[in-house]
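A.B. asks: First residue of the sequence shown? That's 136 in the numbering used here, and the numbers climb one at a time after it. Cβ atoms here follow ideal geometry from the backbone N, Cα and C, with glycine treated the same way. Below is a structure I'd like to ask you about.
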Amino acid sequence: MPKGKKERTRLPPTGAGLIRYFDEDTKGLRVRPEIVIGISVGIAIVIQLLRMYYP
Numbered sequence: 136m137p138k139g140k141k142e143r144t145r146l147p148p149t150g151a152g153l154i155r156y157f158d159e160d161t162k163g164l165r166v167r168p169e170i171v172i173g174i175s176v177g178i179a180i181v182i183q184l185l186r187m188y189y190p
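Right, dumping it as structure tokens:
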């Protein structure tokens, strides 16, 4: 390999009929991940409290 030439990695060709999902805009409810985690933790706490008080 010549000294002045940098090694390059080849990338796959883009736009070969593949869908890039992160570019698509969907019509639907958008919820931040923090809210989903908060609701999940809240539900888990409520379930544990119910199991303690109503065995």
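Could you pull out every residue in the same chain whose Cβ sits closer than 6 Å to the Cβ of Lys162, ignoring the five residues on either side in sequence?
C.D. replies: Correct list: empty, nothing qualifies.
A.B. asks: Any idea what DSSP makes of Arg186, helix, strand or coil?
C.D. replies: DSSP places Arg186 in helix when its eight states are reduced to three.
A.B. asks: Between Ile174 and Pro190, what straight-line distance do the alpha-carbon atoms span, to the nearest angstrom?
C.D. replies: Approximately 23 Å, taken between the alpha carbons.
A.B. asks: Gly177 by DSSP, collapsed to three states: which one?
C.D. replies: Correct three-state label for Gly177: helix.
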